[in-house]
Each structure stands twice: as structure tokens, then as C-alpha cells.
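A.B. asks: Per the numbering used here, the very first residue in the sequence shown carries number 22; after that it's consecutive. All C-beta atoms, glycine included, are put in the ideal place defined by N, C-alpha and C. The structure presented is a predicted model; accordingly, all values stated were derived computationally and were not measured.
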Amino acid sequence: MKNLIKRGNVFWFRMRCPKKYRNVFAQSHISESLGTDSKLAAEALVPQVKQKWLLELEAREAGTQSPGSTETFRAMLQLANREGLRPATATELAEGSLDVLLSRLSKLQTVDPSGQSALFAASLGGFELPETMVSEVATKMSEYLPSHVQNKNARQKRTWGNKYKRASKTFEEAIEDKPVIKVTKDDAYAFRRYWANRVDTEEITTAYAHKHIGYLRMIVDAFYSHLHVDEYFNPFNDLNPIEKPRWERLSAESRKPEFTPKWIQETILTGEKLKDLNEQARDILIVCAETGCRQTEIYDLPATSIKLAEKVPHIEIKLETEGDNKREIKTKSSNRKVPLLGAALEAMRRNPCGFPAYRGKGNFSNTVSKHFKEKGLFPSANHQISGLRHSYETRMRVAKIDNEERAFMMGHSIRKLRGREVYGTKTKLEIQALLAELVVFPTKTWKPRTPNEIHALIDEILEKEGHRSRASIL
22 MKNLIKRGNV FWFRMRCPKK YRNVFAQSHI SESLGTDSKL AAEALVPQVK QKWLLELEAR
82 EAGTQSPGST ETFRAMLQLA NREGLRPATA TELAEGSLDV LLSRLSKLQT VDPSGQSALF
142 AASLGGFELP ETMVSEVATK MSEYLPSHVQ NKNARQKRTW GNKYKRASKT FEEAIEDKPV
202 IKVTKDDAYA FRRYWANRVD TEEITTAYAH KHIGYLRMIV DAFYSHLHVD EYFNPFNDLN
262 PIEKPRWERL SAESRKPEFT PKWIQETILT GEKLKDLNEQ ARDILIVCAE TGCRQTEIYD
322 LPATSIKLAE KVPHIEIKLE TEGDNKREIK TKSSNRKVPL LGAALEAMRR NPCGFPAYRG
382 KGNFSNTVSK HFKEKGLFPS ANHQISGLRH SYETRMRVAK IDNEERAFMM GHSIRKLRGR
442 EVYGTKTKLE IQALLAELVV FPTKTWKPRT PNEIHALIDE ILEKEGHRSR ASIL
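#1: Does the segment 191-208 come within contact of the segment 383-398, defined as at least 3 CB pairs closer than 8 Å?
#2: Within the same chain, show all residues whose beta-carbon is closer than 7 Å to that of A454, passing over the 5 residues directly before and after it, in chain order.
#3: Just to confirm the assignment, what range does the alpha helix (DSSP H) spanning I475 have?
#4: By the three-class DSSP mapping on this structure, what secondary structure does V158 have?
#5: Alpha carbon to alpha carbon, what distance is there between K351 and E337?
#6: Given H411, which residues of its chain have a CB within under 6 Å of its CB, disregarding the five upstream and five downstream residues?
#7: Do the CB positions of A228 and V220 come within less than 7 Å of each other?
#8: Taking I26 as part of the beta strand (DSSP E), name the residues at either end of that continuous run.
#9: When you compare each of S386, T415, P463 and A217 to P266 by their alpha carbons, which one comes out closest?
#10: How many angstroms separate the CA atom of G313 from the CA atom of T466?
#11: Can you tell me the Cα-Cα spacing of N299 and P262, whole angstroms?
#12: To the nearest whole angstrom, what separates the beta carbons of L459 and I475, a pair I think is in contact under 8 Å?
#13: My output table needs one value for S422: the three-state DSSP class, helix, strand or coil.
#14: Could you tell me the boundaries of the beta strand (DSSP E) in which E392 lies?
#15: By the 10 Å Cβ neighbour count, where 16 or more other Cβ atoms means buried, how is R380 classified, buried or exposed?
#16: Can you give me the C-alpha to C-alpha distance between R35 and E64, rounded to a whole angstrom?
#17: Taking 7 Å as the threshold (C-beta atoms), are K382 and R179 in contact?
#18: Where does A62 land, buried or exposed, given buried means 16+ other C-beta within 10 angstroms?
#19: Can you check whether the CB of N172 is closer than 7 Å to the CB of K358?
#20: Using 7 Å as the threshold, is the C-beta distance between E414 and M431 below it?
#21: I'd like the list of long-range same chain contacts for K164, defined as Cβ closer than 6 Å, with 5 residues on each side in sequence excluded.
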């Protein structure tokens, strides 16, 4: 067997030292007695001893190349875990139990009397946390928390990462950029005061402030999680929330201004006012206006989620986890099928594979907003394209569509709306399409049926299923 030799009656482990470790291990070969004359037992020990030595050499190499680095710490941690050692700094050992310290020394006298190994350092407190700066962790959040971005597309990853970079930059302005391990509770209090002052001067809301304090909390958590440190102090935990000032308590609820049905028809659907905007952007706007979908839900659509040949043409808003089209959606409730009628159906037929010019990118909103502002198309300076979604729900409400049906079709949480667990089946896509027909505008080639005709069709579907409830009383 490779790496196994016999000296006298005892089997030994023997391995050539890899070239990359020659600077931390002077001899050409590594040898260690396996302490047994049984070949079977020795063969079982060889893989374990080899792994132990490779971890030892890696820890020595990391400590030589970059002492105090993340790589060195993690190499030492791997070595300690294999030996069943609880990671501890020299200070922690000195202040801790004498029995623990004596136990470690006793073991070292047996396995490393020379005191030259990385294991020796690990046993006696060689776990000095790396002095990684807050700003550096902020730029590596996707690396430190890979599960948070595994299903995001390029734009979503960039947006997710930027919030931590902004929070880090603000921390640097308010306090200073410093190693995560040196951020104190006083720093956290000062950071909170910085945001509280901005709330008092009506620059931002308390919700915005709390969000950015939370980003710093996440940065600290991510740093220790990346190092596999379970016990640590996060100074941003347990900070008292910033109290809402009088101006915020008395302010009217902030809502995006909506677009009138007339404006939507004249500006979005006719096409004349958007003739200088590229075709894909125009069609995305049309679909948003006539479905109530979020912009990202439309321009990130993969071709596989566009179902134009189905009995009820529709698109599927769902989590995509594979390939170039992967994307996250806002919430679990956002998973849904959205029927296509009128101008929205015509727009999707012009784009059966979706919108590659904008899929996974972040340029749609800027492109459209710039065009609308330059052409003076917005009804006011406060209007934003995202107001189309709010307008769609108002149109459904005016059409007397049930609140729960509206929530479901908009991708909102029914459970949150009800305030309890949700039972029962979802509304059939066929009925959703009929409900949408109550609000969708006519086109040159298509005209919606009257409300009475639509309700009669819904009644017919429900009665065939054996329901007594009728659309007219929904």
C-alpha cells in the first residue's frame, strides 16, 4: 500500500513532502510511526495520518505566507477541528480553565515535543482573528454568503451587493473604516446616532435608517460565519430602535402617484407618444400596464415561462434556478400565472422569447424614465413607471374584483391579507383571465366582453364545478 512501510515489527506512515510545502518542512519525506504491527490496522490509519499532515502543512504554509489572514485562520481551524480542539486565542486560554491548558500541554508533549508544528500553535492559542476591514467584507458579501445569491441573476447580485457597500461607505463617513474585530458597541451607538440625526432633519425615514443599521449587522455576522466562528460579539445586535419623530408620525402615508386609465391608453397603449422608444421597452411597458406585473417580472422572463400556445395564454412568474435565465422573485407569493389579454397578449406575441435586451440587466428603468422625462410624458415630477402596477390594482378595485382575487393576481400574500392560515384552492387561470378582462382595454383587433357577459361565464364555470356562489356576489 502506498505511504506504508514496515520498520522492524512496526508499520510506519511515509510520504514525500509536496514541493509547495518545502519552505515549511525541511525534510524530503514525512514519516510517522503508526504504533501497530497489524497491517490491517495500519492500512486503515494511513488516510487519516495523511490528511492530518496535509492540514498541518497547509496551516504552516498559510501562516508563513499571510500571517493573520483569513486563509491562515481557516487553515488553523481545519487543523483544530480534526484534532477535536475548541478554537481559542492565547488570551482566552490564559483567562480560562487551567485544566484545559494543562490537558493541551500534556497532549503536545506526546505528539510534538519540539513545539514546531502548526498544531502546537493551534493548541496554545494560535487563533488570532484576521483584521479584515468592514469595507473589505462589504465587497465580499456574495463570497461570504453564497446561498444568498445562488439564484440571483447578474443585476440582482449587483443590487444585493451594493446595499452593503453603501452601508459600509456610510459607516466609514460616520465613524471610520476599521477591522470588523475592532468595531465596538460605542461605534454601533455612534452609527445609530448618525442615522437618528438624519431622521430628525427629515432626510430619511426611520425604516430606511434601521435597514442600513441592519446591513452593518449582517456584515459582522457574515465575517464570523465565513471564518466558522460560532461564538462572537456583534455590536449592532440589540440596539434600541430609532423612535419615529413627530414629523414622520403625522405625515400622510407615502404612496406612489398612479396613472389614470386615460393616460395609460393615450401614452402607453397607442404607441404614438413612445415611437422614439425601442420596441422591447415599449412592449414591456404595455405588458406591465395590462397585467399589473412588476417591471422585473416582465423583462427577466425566460422564454420557457411564456405560454402563448396554451388554452389561456399566460406567463409564469417563478423562481428560476438554472442557466443564464436564473432569477429570484420578490416573495413566495409572487409565484403565479398571469393571463395575457388584449395589448399585453399582442406585445408578448411580438416577443415570444422574452426581452433579451433587458433580461438580467439593470438598464430598463433608467432607459424608460429618461425617455419619459425628456419627452415630458409623466403627469407630474413625482410619477414613476412603477406606478403602473398601483394603477392596475385600482382599476381592478373599481371593477369590483374581490380583494383576495386582486391580491392573488398581483402576487401579494393572501395569508398576510387574511391574518391567518390559507385554505382552499387557487383561482383557476380561466377565471383569472375573465377577471382581467373586466379591466383590460380594447385594441384595434380585440374587444373585451361586457361585465354582464364576463360574470355569466364565471358563473357557468363555477356551477359546472358544483359551486353555489356566483360571480355576481363575489
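C.D. replies: If we stick to the structure as given:
#1: Pairwise C-beta distances place the segment 191-208 out of contact with the segment 383-398, as fewer than three of them are shorter than 8 Å.
#2: For the purposes of this step, residue 454 is identified with residue 433 of the sequence shown, where counting begins at 1. Same-chain partners within the cutoff: V333, P360 and L362.
#3: Counting from 1 along the sequence shown, the entry for residue 475 is found at position 454. Counting along the chain, the alpha helix (DSSP H) containing I475 begins and ends at P472 to K485.
#4: Here residue 158 corresponds to residue number 137 of the sequence shown, with the count starting at 1. Reduced to three states, the DSSP call for V158 is helix.
#5: For the purposes of this step, residue 337 is taken as residue 316 along the sequence shown, with counting starting at 1. For the purposes of this step, residue 351 is taken as residue 330 along the sequence shown, with counting starting at 1. Going by the C-alpha atoms only, they are around 14 Å apart.
#6: The residue given as residue 411 occupies position 390 in the sequence shown. Excluding positions up to five away in sequence, the list reads K277 and E279.
#7: Mapped onto the sequence shown, residue 228 falls at position 207. Mapped onto the sequence shown, residue 220 falls at position 199. With contacts defined by Cβ atoms closer than 7 Å, A228 and V220 do not form a contacting pair.
#8: Here residue 26 refers to the residue found at position 5 of the sequence shown. Unbroken beta strand (DSSP E) run through I26: L25 to R28.
#9: In the sequence shown, residue 266 corresponds to position 245, counting from 1. Checking every option, the nearest Cα to that of P266 belongs to A217.
#10: What you label residue 313 is simply residue 292 of the sequence shown in a count that begins at 1. What you label residue 466 is simply residue 445 of the sequence shown in a count that begins at 1. Rounded to whole angstroms, the separation of the alpha carbons of T466 and G313 is 22 Å.
#11: Stepping through the sequence shown from its first residue, residue 299 is reached at position 278. Stepping through the sequence shown from its first residue, residue 262 is reached at position 241. Rounded to whole angstroms, N299 to P262 spans 46 Å at the Cα level.
#12: Reading the sequence shown from its first residue, position 438 is the one you call residue 459. Reading the sequence shown from its first residue, position 454 is the one you call residue 475. With a contact defined as Cβ atoms closer than 8 Å, L459 and I475 qualify at about 6 Å.
#13: Along the sequence shown, one-based indexing puts residue 422 at 401. Note on residue identity: the sequence assigns Ile, not Ser, to residue 422. DSSP places I422 in coil when its eight states are reduced to three.
#14: Sequence index remark: in the sequence shown, residue 392 carries index 371 (1-based). The question names Glu, but residue 392 is His in the sequence shown. Element bounds for H392: not the beta strand (DSSP E) but the alpha helix (DSSP H), F385 to K396.
#15: Position 359 of the sequence shown, counting from 1, holds the residue named residue 380. By the neighbour-count rule (16 or more Cβ atoms within 10 Å), R380 is buried.
#16: For the purposes of this step, residue 35 is taken as residue 14 along the sequence shown, with counting starting at 1. For the purposes of this step, residue 64 is taken as residue 43 along the sequence shown, with counting starting at 1. Rounded to the nearest angstrom, the two C-alpha atoms are 12 Å apart.
#17: Residue mapping note: residue 179 aligns to position 158 of the sequence shown, counting from 1. Residue mapping note: residue 382 aligns to position 361 of the sequence shown, counting from 1. One thing to note: R179 has its Cβ no nearer than 7 Å to the Cβ of K382.
#18: Working through the sequence shown from its first residue, we reach residue 62 at position 41. The residue is exposed, with fewer than 16 neighbouring Cβ atoms inside 10 Å.
#19: Along the sequence shown, one-based indexing puts residue 358 at 337. Along the sequence shown, one-based indexing puts residue 172 at 151. Cβ atoms of K358 and N172: not closer than 7 Å.
#20: Numbered from its first residue, the sequence shown carries residue 414 at position 393. Numbered from its first residue, the sequence shown carries residue 431 at position 410. Yes, they are a contact pair.
#21: Your numbering for residue 164 matches position 143 in the sequence shown. As written in the sequence, residue 164 is Glu, which differs from the Lys given in the question. Cβ within range, chain order: n/a, list empty.
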